[in-house]
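Enquirer:
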Amino acid sequence: MLRLDKLLSHMGFGSRTQVKELIKKGRVHLDGAVCRDAAADTDGHTVSVNGKPLEIKTAFHLMLHKPSGVVTAADDPKQKTVMDLLPPKYRSSGCMPVGRLDKDTTGLLVLTTDGELAHRLISPKRHIQKIYEVNTRDDLKQEDVAAFEKGIPLKDFTALPAELSIVESRFARVTVFEGKYHQVKRMFIACGNEVQKLHRATFGPLQLDETLLPGTFRELTEEEVGMLYRAAGLEETK
Numbered sequence: 698m699l700r701l702d703k704l705l706s707h708m709g710f711g712s713r714t715q716v717k718e719l720i721k722k723g724r725v726h727l728d729g730a731v732c733r734d735a736a737a738d739t740d741g742h743t744v745s746v747n748g749k750p751l752e753i754k755t756a757f758h759l760m761l762h763k764p765s766g767v768v769t770a771a772d773d774p775k776q777k778t779v780m781d782l783l784p785p786k787y788r789s790s791g792c793m794p795v796g797r798l799d800k801d802t803t804g805l806l807v808l809t810t811d812g813e814l815a816h817r818l819i820s821p822k823r824h825i826q827k828i829y830e831v832n833t834r835d836d837l838k839q840e841d842v843a844a845f846e847k848g849i850p851l852k853d854f855t856a857l858p859a860e861l862s863i864v865e866s867r868f869a870r871v872t873v874f875e876g877k878y879h880q881v882k883r884m885f886i887a888c889g890n891e892v893q894k895l896h897r898a899t900f901g902p903l904q905l906d907e908t909l910l911p912g913t914f915r916e917l918t919e920e921e922v923g924m925l926y927r928a929a930g931l932e933e934t935k
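Sequential numbering from 698 applies to the sequence shown in my numbering.
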């Protein structure tokens, strides 16, 4: 059950108090009739505000350009999270980050209300491709390319073979097919180097929208949603 006042508040019509005043004034219709009951159940019903029907969505899939200094978490009492970058209707919809990016890492982060989709996309079994742009402390070497291609042994696991493409002496693109904790940074440390800046450019079939500034987001298109579901082995979108 989704209460009328809660729905309208989530959709940006104001605080719960403001929404209740809107309802009290008779400006909200439920199935074509004036509704003054803030607690009315909206499930399966048509809701209109000021004569305009609302497009009620319960499933959301977002692309966020994560800025540095923000943690990838649903909630944190001490630090700003990626959820704080979203309007109320998305924060309260059950949207969750798909995987995580370190606090100082920027770039493409997908958020979704579909828990099964999120689980499949981060499952090691799916080997979802991610491309990162990396600035390093020291010059990159061809030996690094070979080491990445072979699979770098780390303390607690051996990384899957990855692609290191050197663009400039201290700038490269890295393609990985897993997402362990601090993995890309640790791979460079294992090669005697250090990551100075890390930016995720792609996630699976999605590429970061160049028009999105750091800290901004947009909903995925139907085509993009379909590509994500297929990458996750789920043919039907939700």
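We put the CB at the ideal spot given by N, CA and C, even for glycine.
#1: Excluding the five sequence neighbours on either side, which residues of its own chain have a C-beta within less than 6 Å of the C-beta of Ser745, listed in chain order?
#2: So, under 8 Å CB-CB, Leu910 and His762 are touching, yes? Tell me the CB distance rounded to an integer number of Å.
#3: Determine the burial state of Gly844: buried for a count of at least 16 other Cβ atoms within 10 Å of its Cβ, exposed for fewer.
#4: Using 8 Å as the threshold, is the segment 875–887 in touch with the segment 820–833, meaning 3 or more CB pairs across them?
#5: Any chance you could list the beta strand (DSSP E) runs of at least 3 consecutive residues sitting entirely within the segment 701–756, in chain order?
#6: Just how far apart, CA to CA, sit Leu704 and Pro750?
#7: What are the residues that DSSP puts in a beta bridge with Gly804?
#8: Locate the alpha helix (DSSP H) running through Val779, then write down its first and last residues.
#9: Return helix, strand or coil for Tyr878, following the three-state DSSP convention.
#10: Where does the unbroken alpha helix (DSSP H) through Ala843 begin, and where does it stop?
#11: Find out if the Cβ-Cβ distance for the pair Met780, Phe914 is shorter than 8 Å.
#12: Which word fits Ala736, buried or exposed, when buried means at least 16 other C-beta atoms lie within 10 angstroms of its C-beta?
#13: Where does the unbroken alpha helix (DSSP H) through Val922 begin, and where does it stop?
#14: Just the Cα atoms here: how many angstroms apart are His896 and Arg883?
#15: In its own chain, which residues sit with a C-beta less than 8 Å from the C-beta of Thr714, not counting the 5 before and 5 after it?
#16: Measuring alpha carbon to alpha carbon, tell me which of Ser712, Ile825, Glu718 and Phe854 ends up nearest Lys786.
#17: Please return the same chain residues whose Cβ sits closer than 8 Å to the Cβ of Asn890, not counting the five positions on each side in sequence.
Expert: In short, the structure shows the following:
#1: Within the same chain, His726 come within 6 Å of Ser745 by CB-CB distance, once the 5 residues on both sides are set aside.
#2: Your pair Leu910 and His762 checks out as a contact, with CB atoms roughly 6 Å apart and the cut at 8 Å.
#3: The sequence shown places Ala at residue 844, not Gly. Result: buried.
#4: As far as the Cβ criterion goes, the segment 875–887 touches the segment 820–833, which means the pair count is three or higher.
#5: Inside the segment 701–756, DSSP marks whole beta strand (DSSP E) runs of 3 or more residues at positions 725–727 and 744–746, from first to last along the chain.
#6: Each residue's Cα considered, the two are about 13 Å apart.
#7: The beta-bridge partner set that DSSP reports for Gly804 consists of Lys763 and Arg897.
#8: Looking at the DSSP string, Val779 is not in any alpha helix (DSSP H), and its letter there is neither H nor E.
#9: Of the three classes helix, strand and coil, the one that applies to Tyr878 here is coil, per DSSP.
#10: First-last of the alpha helix (DSSP H) with Ala843: Gln839 to Lys847.
#11: With contacts defined by Cβ atoms closer than 8 Å, Met780 and Phe914 do not form a contacting pair.
#12: Answer is exposed; the Cβ neighbour count stays below 16.
#13: Following the DSSP letters along the chain, one finds Val922 inside the alpha helix (DSSP H) bounded by residues Glu919 to Ala928.
#14: The straight-line gap from Cα to Cα measures roughly 15 Å.
#15: The beta carbon of Thr714 is closer than 8 Å to none in its chain, skipping five residues each way along the sequence.
#16: The residue among Ser712, Ile825, Glu718 and Phe854 with its C-alpha nearest the C-alpha of Lys786 is Ser712.
#17: Once the five neighbours on either side are set aside, the close Cβ partners of Asn890 are Thr833, Arg834, Asp835, Leu837 and Asp841.
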